[in-house]
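Chemist: Attaching a single structure in structure tokens format; questions to follow.
Number of protein chains: 2
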Amino acid sequence: MQDITRLILPDVREHLAQGDHEDVARELERLHPADIADILSHLDPEEGAALFLALSPKDRVDVFEHLDESVQVDLVERVGRGPMVEVIEALSSDDRADLIQALPEETRKEILPLLAQADRNEVRRLLSYPEDSAGALMSTEFAAIPPDITVREALESLRRIAPSRETIYYIYVLDENQRLVGVLSLKDLVLAHPDDRIQDIMTKDVIEVRVDDDQEEVARAVEKYDFLAIPVVDDLGRMVGIVTQDDVMDVLKEEATEDAQKMAAMEPLEASYLRSGFFELVRKRGTWLVLLFFGELITSQTLAAYESTWSSLAILVALIPLINSSGGNTGGQSAVLVIRSLALGEITPGDWFRVVLREIGQGLVLGMILALVGVCRVLFWGDAGNVVPEMRLALAVALSLLTVVTLGAFLGSTIPMVFKKLGMDPAVMSNPSLSVTMDILGMLTYFNVVRLVLQI
Amino acid sequence: MQDITRLILPDVREHLAQGDHEDVARELERLHPADIADILSHLDPEEGAALFLALSPKDRVDVFEHLDESVQVDLVERVGRGPMVEVIEALSSDDRADLIQALPEETRKEILPLLAQADRNEVRRLLSYPEDSAGALMSTEFAAIPPDITVREALESLRRIAPSRETIYYIYVLDENQRLVGVLSLKDLVLAHPDDRIQDIMTKDVIEVRVDDDQEEVARAVEKYDFLAIPVVDDLGRMVGIVTQDDVMDVLKEEATEDAQKMAAMEPLEASYLRSGFFELVRKRGTWLVLLFFGELITSQTLAAYESTWSSLAILVALIPLINSSGGNTGGQSAVLVIRSLALGEITPGDWFRVVLREIGQGLVLGMILALVGVCRVLFWGDAGNVVPEMRLALAVALSLLTVVTLGAFLGSTIPMVFKKLGMDPAVMSNPSLSVTMDILGMLTYFNVVRLVLQI
Numbered sequence: 012m013q014d015i016t017r018l019i020l021p022d023v024r025e026h027l028a029q030g031d032h033e034d035v036a037r038e039l040e041r042l043h044p045a046d047i048a049d050i051l052s053h054l055d056p057e058e059g060a061a062l063f064l065a066l067s068p069k070d071r072v073d074v075f076e077h078l079d080e081s082v083q084v085d086l087v088e089r090v091g092r093g094p095m096v097e098v099i100e101a102l103s104s105d106d107r108a109d110l111i112q113a114l115p116e117e118t119r120k121e122i123l124p125l126l127a128q129a130d131r132n133e134v135r136r137l138l139s140y141p142e143d144s145a146g147a148l149m150s151t152e153f154a155a156i157p158p159d160i161t162v163r164e165a166l167e168s169l170r171r172i173a174p175s176r177e178t179i180y181y182i183y184v185l186d187e188n189q190r191l192v193g194v195l196s197l198k199d200l201v202l203a204h205p206d207d208r209i210q211d212i213m214t215k216d217v218i219e220v221r222v223d224d225d226q227e228e229v230a231r232a233v234e235k236y237d238f239l240a241i242p243v244v245d246d247l248g249r250m251v252g253i254v255t256q257d258d259v260m261d262v263l264k265e266e267a268t269e270d271a272q273k274m275a276a277m278e279p280l281e282a283s284y285l286r287s288g289f290f291e292l293v294r295k296r297g298t299w300l301v302l303l304f305f306g307e308l309i310t311s312q313t314l315a316a317y318e319s320t321w322s323s324l325a326i327l328v329a330l331i332p333l334i335n336s337s338g339g340n341t342g343g344q345s346a347v348l349v350i351r352s353l354a355l356g357e358i359t360p361g362d363w364f365r366v367v368l369r370e371i372g373q374g375l376v377l378g379m380i381l382a383l384v385g386v387c388r389v390l391f392w393g394d395a396g397n398v399v400p401e402m403r404l405a406l407a408v409a410l411s412l413l414t415v416v417t418l419g420a421f422l423g424s425t426i427p428m429v430f431k432k433l434g435m436d437p438a439v440m441s442n443p444s445l446s447v448t449m450d451i452l453g454m455l456t457y458f459n460v461v462r463l464v465l466q467i
Numbered sequence: 012m013q014d015i016t017r018l019i020l021p022d023v024r025e026h027l028a029q030g031d032h033e034d035v036a037r038e039l040e041r042l043h044p045a046d047i048a049d050i051l052s053h054l055d056p057e058e059g060a061a062l063f064l065a066l067s068p069k070d071r072v073d074v075f076e077h078l079d080e081s082v083q084v085d086l087v088e089r090v091g092r093g094p095m096v097e098v099i100e101a102l103s104s105d106d107r108a109d110l111i112q113a114l115p116e117e118t119r120k121e122i123l124p125l126l127a128q129a130d131r132n133e134v135r136r137l138l139s140y141p142e143d144s145a146g147a148l149m150s151t152e153f154a155a156i157p158p159d160i161t162v163r164e165a166l167e168s169l170r171r172i173a174p175s176r177e178t179i180y181y182i183y184v185l186d187e188n189q190r191l192v193g194v195l196s197l198k199d200l201v202l203a204h205p206d207d208r209i210q211d212i213m214t215k216d217v218i219e220v221r222v223d224d225d226q227e228e229v230a231r232a233v234e235k236y237d238f239l240a241i242p243v244v245d246d247l248g249r250m251v252g253i254v255t256q257d258d259v260m261d262v263l264k265e266e267a268t269e270d271a272q273k274m275a276a277m278e279p280l281e282a283s284y285l286r287s288g289f290f291e292l293v294r295k296r297g298t299w300l301v302l303l304f305f306g307e308l309i310t311s312q313t314l315a316a317y318e319s320t321w322s323s324l325a326i327l328v329a330l331i332p333l334i335n336s337s338g339g340n341t342g343g344q345s346a347v348l349v350i351r352s353l354a355l356g357e358i359t360p361g362d363w364f365r366v367v368l369r370e371i372g373q374g375l376v377l378g379m380i381l382a383l384v385g386v387c388r389v390l391f392w393g394d395a396g397n398v399v400p401e402m403r404l405a406l407a408v409a410l411s412l413l414t415v416v417t418l419g420a421f422l423g424s425t426i427p428m429v430f431k432k433l434g435m436d437p438a439v440m441s442n443p444s445l446s447v448t449m450d451i452l453g454m455l456t457y458f459n460v461v462r463l464v465l466q467i
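Residue numbers (the working numbering), protein chains in the order written: chain A, 12 to 467; chain B, 12 to 467.
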């Protein structure tokens with residue numbers, strides 16, 4: 012797919028430079044709007060605006076829908092108000108609201124009055140839902156019919172409304188109070204007898220989400236039931252919108268990226284990496300790095316406090332990175348297992364006891380394996396025996412590793428579950444913050460075990 | 012959603028224990044098959060098999076499709092061959108092939124001969140495609156029509172074949188050689204005039220994937236074009252299957268989990284966390300932990316080699332965790348940014364220079380920030396001045412932090428891109444393996460800078 016873009020890009024650039032708008036249009040004629048959007052995103056902002064204006068009004072809408080939000084905002088600023096308002100009015104309600112929200116204050120104030128009254132009210136209503144809720148994700152263009160018409164009448168009604176609906180593959184049956192009483196698919200309609208009544212063939216137990224449900228919950232439902240779309244109802248059971256499978260796919264993708272960034276200890280980016288500002292990146296990374304740095308200052312302090320223990324014995328210092336990294340790495344594995352399982356709904360905080368038992372078991376076995384390697388290393392170190400008996404040192408290292416690794420597995424699995432229970436995001440328990448915690452606990456464990464076993 | 016399951020589960024258990032199959036059926040009557048699957052997965056294997064047999068033959072198929080593979084395999088082993096073969100025959104071709112592949116050798120040999128000849132051949136053909144390819148993911152039940160019929164004839168043909176097709180929302184137009192020449196949606200058909208010819212209203216530039224394309228590529232295409240399904244063609248351009256949006260959602264979910272596990276340094280699990288064997292977990296985690304442990308042994312060795320540098324000055328030892336974690340954390344952030352951007356197709360290895368310049372810039376700025384905090388700490392440490400001038404020590408720490416953090420950003424961004432370029436998985440460059448690398452390089456940098464600046 013991307014190869015197409017790469018092949019055509021230089022030609023498009025040249026035509027644009029020469030102002031040959033017809034050649035540009037010819038070059039793009041047979042491409043899918045998503046591919047044109049791809050090309051547009053790879054152009055300089057000015058070239059992009061020129062290409063956009065070279066498209067037919069219909070194509071502009073189709074291409075615009077496939078652009079990243081940051082490119083969309085750029086275009087709104089560069090393209091004249093006239094053609095832009097036409098595009099914005101033609102967007103689906105959810106895309107329109109997202110765009111308006113992403114615009115700079117100033118531009119938003121200019122654009123809003125140019126929209127039709129009904130669209131403006133709808134934007135306001137959609138923007139009033141909390142971010143990341145079903146309401147903020149949904150589109151209001153769904154296909155609805157009353158329960159007491161025939162299949163033939165339903166198909167006729169669909170023909171009329173289809174062009175303005177996000178999908179007509181699911182048709183929702185609403186009573187006179189807009190309450191959702193049934194659902195059927197276009198496939199059901201096509202297969203049914205033209206004289207059948209809708210209320211007799213519709214599915215009555217409709218699975219729905221509420222307008223204030225979290226988008227992750229919505230995504231999980233769509234995925235679980237393999238729906239093309241899920242209906243969204245308000246507090247009174249009235250249907251207000253649908254969330255479609257492609258919206259859900261965007262949510263899943265976005266959440267996976269955000270989780271990965273959080274787990275690597277940084278504030279999630281809003282735009283893509285290359286489109287994020289340099290100092291925005293510095294801020295989102297730096298805040299966490301400085302916090303972690305302060306954490307490691309405590310490790311330093313701990314280390315300094317045990318100077319009398321390690322100052323006489325070089326090998327004790329040399330083994331510090333082993334102890335610290337073993338606890339951190341094991342904890343990181345436990346955390347990622349629990350965080351992903353929570354995200355996929357495979358486990359809930361209610362499974363805490365079962366998970367923690369399992370992780371303590373894992374920690375003990377993994378700790379023994381690492382302790383074995385560690386003991387071998389100590390016994391072959393060579394010069395430790397001058398000061399303390401090698402076997403004792405090996406015992407101290409083994410005990411430390413076992414404790415630290417088990418502790419890592421325990422904390423790595425428990426902390427994300429506690430976070431979840433408290434309604435916080437488990438992914439914030441990042442690998443690095445766990446490492447800092449384990450460094451501090453590792454040093455405390457290590458030196459106390461050493462003091463105890465070696466009697467120094 | 013999950014609340015339903017939790018509420019009903021105890022009742023279902025009780026009815027099962029008492030052998031009241033009719034009560035079980037009544038309890039589940041109004042539930043969606045996905046919810047019944049959810050309940051079944053939370054039962055003991057024997058209870059699960061009993062519940063499965065209490066369902067009607069039609070429900071068995073619907074519920075089975077929503078079960079995780081490991082639960083499916085369990086059921087095949089426990090439920091009698093007769094009812095099971097009925098279910099397997101009714102599955103869609105892709106689900107059937109996946110199940111057959113997941114069965115233990117022995118069971119597979121028993122089941123295969125019980126299937127109809129045509130199904131058996133199809134399973135063999137689907138299993139012959141490489142794992143994670145479009146061919147292994149696709150279903151062969153798509154709706155196809157010839158180009159020279161009318162819309163009315165097409166709708167009639169659809170009514171006949173619909174029940175056995177995975178989706179009829181996209182209808183593919185094939186010529187007499189099964190080559191894909193066009194596509195239209197059910198919406199197009201419903202909106203068209205009954206006497207229109209298919210070839211006049213179909214879309215001719217069909218976007219397709221090839222049977223040996225990687226599943227990630229397929230997922231990216233479906234996502235990019237917002238398709239409900241994408242056609243799969245063989246080397247001769249003949250259409251052989253479709254990959255639907257819900258298959259793609261499963262791929263995305265699976266890849267996100269696998270990437271997260273790889274980035275936390277463990278071999279990805281095949282089943283969910285709670286369903287993975289205890290010692291399978293130990294192996295998948297232990298292998299990496301031991302490898303990382305060996306890596307940290309090199310850090311120990313490096314540390315030991317510089318004993319003469321640090322033995323006289325406690326603060327030098329105390330600062331080790333600061334230096335090491337700063338490099339590792341910054342590198343981890345860079346790695347996750349690059350790995351996710353590569354996964355989303357936002358950057359390619361061709362963008363290396365641009366990305367690396369950016370990351371070196373990030374490293375320098377972030378390094379300066381951390382150096383500033385580090386310098387403050389050193390100046391307020393209190394007792395370093397006894398041995399070396401405090402300002403000099405502060406300078407050494409600042410220079411080390413700046414170097415290590417920049418190096419971390421450089422390696423964290425470069426290594427995943429090199430891996431990608433070499434055709435390897437960039438996510439294998441995990442946070443922990445980067446930490447080990449940065450620990451070793453951190454120690455080398457730190458002690459050499461200290462020697463140079465402090466002249467010890």
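Glycine residues also receive a C-beta, built at the ideal position from the N, C-alpha and C atoms.
#1: To the nearest angstrom, report how far apart A108(A) and D159(A) are at their CA atoms.
#2: What residue range is occupied by the uninterrupted beta strand (DSSP E) comprising Y183(A)?
#3: Can you check the region 35-60 of chain B for any alpha helix (DSSP H) of at least 4 residues that lies completely inside it and give the ranges in chain order?
#4: Restricting to runs no shorter than 3 residues, where is the beta strand (DSSP E) found entirely within the region 234-259 of chain A?
#5: Buried or exposed for F305(B), going by 16 or more other Cβ atoms inside 10 Å?
#6: Is the CB of M428(A) under 9 Å away from at least one CB in chain B?
#7: With a 10 Å radius around its C-beta and 16 neighbouring C-beta atoms as the bar for buried, classify D211(B) as buried or exposed.
#8: Is A28(B) helix, strand or coil by DSSP?
#9: Reducing DSSP to helix, strand and coil, say where G396(B) ends up.
#10: Is V429(A) helix, strand or coil by DSSP?
#11: Please name the residue, chosen from V429(A), M435(A), L383(A), that lies closest to V416(A) on a Cα-to-Cα basis.
#12: Name, please, each residue of chain A whose Cβ falls closer than 9 Å to the Cβ of A315(B).
#13: Taking 6 Å as the limit between beta carbons, can you name the residues of its chain near V389(A), skipping five residues before and five after?
#14: Have a look at G59(A), L445(A), V376(A) and flag the residue whose alpha-carbon is nearest the alpha-carbon of L27(A).
#15: At a Cβ threshold of 9 Å, is G396(B) touching chain A?
#16: Is there contact between the region 326-339 of chain A and the region 302-322 of chain B, where contact requires at least three CB pairs shorter than 8 Å?
#17: Between the Cα of L64(B) and those of I50(B), A275(B), P94(B), spot the shortest distance and give me the residue it belongs to.
#18: Go to L195(A), then tell me how far its beta strand (DSSP E) extends in each direction, as first and last residue.
#19: Between which two residues does the alpha helix (DSSP H) holding F458(A) run?
#20: Can you grab the Cα-Cα spacing for the pair T118(B) / V134(B), in whole Å?
#21: Output the boundary residues of the alpha helix (DSSP H) element that contains A113(B).
#22: Listed in chain order, which residues of the region 189-205 of chain B have Cβ atoms closer than 8 Å to some Cβ of chain A?
#23: If the cut is a Cβ gap below 7 Å, which residues of chain A does A2(B) touch?
#24: Taking Cβ-Cβ distances below 8 Å as the criterion, which residues of the region 205-223 of chain B are in contact with chain A?
#25: Could you check what DSSP says for F153(A) in three-state terms: helix, strand or coil?
#26: Are there 16 or more other CB atoms within 10 angstroms of the CB of M277(A), so buried, or fewer, so exposed?
#27: So D450(A) contacts chain B; which residues on that side make the cut at Cβ distance below 8 Å?
#28: Take the Cβ of N340(B) as the centre, count every other Cβ of all protein chains shown within 10 Å, and call the residue buried at 16 or more, exposed below.
#29: Figure out for me which residue from L463(A), G252(A), E370(A) has the closest Cα to the Cα of F421(A).
#30: By Cβ distance, which residues of its chain are closer than 6 Å to T226(B), with the 5 residues on each side in sequence left out?
#31: Would you report the Cα separation of I218(A) and P242(A), rounded to the nearest angstrom?
#32: In whole angstroms, give me the CA-to-CA distance for S139(B) and S150(B).
#33: List the residues that DSSP assigns as beta-bridge partners of T214(A).
#34: Taking 8 Å as the threshold, find out whether the region 343-358 of chain A comes into contact with the region 421-436 of chain A through three or more Cβ pairs.
#35: What residue range does the alpha helix (DSSP H) around R171(A) cover?
Modeler: Taking the geometry as given:
#1: Distance between the alpha carbons of A108(A) and D159(A) is about 34 Å.
#2: Residues 178-185.
#3: DSSP runs (the alpha helix (DSSP H)) wholly in the region 35-60 of chain B: 44-52.
#4: Complete beta strand (DSSP E) runs here, min 3: 240-244, 250-255.
#5: Per the 10 Å Cβ criterion, exposed.
#6: Chain B contact via Cβ: absent.
#7: With fewer than 16 other Cβ atoms within 10 Å, it is exposed.
#8: Helix, per DSSP.
#9: Per-residue confidence for G396(B) stands at a pLDDT of 49, beneath the threshold of 50, marking its modelled position as unreliable; the derived number appears in the next sentence. Correct three-state label for G396(B): helix.
#10: It is helical.
#11: When each option's Cα is compared against that of V416(A), the closest is L383(A).
#12: Neighbours of A315(B) on chain A, chain order: A325, I326, V328, A329, W392.
#13: Answer for V389(A): L404, A405, V408, listed in chain order.
#14: Ranking the options by Cα distance to L27(A), first place goes to G59(A).
#15: At G396(B) the pLDDT is 49, less than 50, meaning the model places this residue with poor confidence; the figure from the coordinates comes in the next sentence. G396(B) has a beta carbon lying at 9 Å or more from every beta carbon in chain A.
#16: Contact between the region 326-339 of chain A and the region 302-322 of chain B is present, because at least three Cβ pairs lie under 8 Å.
#17: Considering only alpha carbons, the answer is P94(B).
#18: Taken as a continuous stretch (DSSP letters only), the beta strand (DSSP E) holding L195(A) covers 191-196.
#19: Taken as a continuous stretch (DSSP letters only), the alpha helix (DSSP H) holding F458(A) covers 442-465.
#20: As the crow flies, the alpha-carbon of T118(B) is around 15 Å from that of V134(B).
#21: That run of the alpha helix (DSSP H) goes 104-113.
#22: From the region 189-205 of chain B, only L197, K198, V201, L202 have a Cβ closer than 8 Å to chain A.
#23: This structure leaves residue 2(B) out entirely; chain B is present only between 12 and 467.
#24: For chain A, the residues of the region 205-223 of chain B that bring a beta carbon within less than 8 Å of one of its beta carbons are D216, I218, in chain order.
#25: F153(A) falls in the strand class under three-state DSSP.
#26: Buried: at least 16 other Cβ atoms inside 10 Å.
#27: P332, S336, listed in chain order.
#28: So N340(B) ends up on the buried side.
#29: Closest in C-alpha terms to F421(A), from the list L463(A), G252(A), E370(A), comes E370(A).
#30: Looking at the sequence provided, one finds Gln at residue 226(B) rather than Thr. The beta carbon of Q226(B) lies closer than 6 Å to those of D143, L148, V262 in the same chain, with the five residues before and after it left out.
#31: Taking the straight line from one Cα to the other gives about 8 Å.
#32: In a straight line, the C-alpha of S139(B) is about 14 Å away from that of S150(B).
#33: Under DSSP, T214(A) forms a beta bridge with V194(A).
#34: Contact holds: three or more Cβ-Cβ distances are below 8 Å.
#35: Per DSSP, the unbroken alpha helix (DSSP H) holding R171(A) starts and ends at 162-172.
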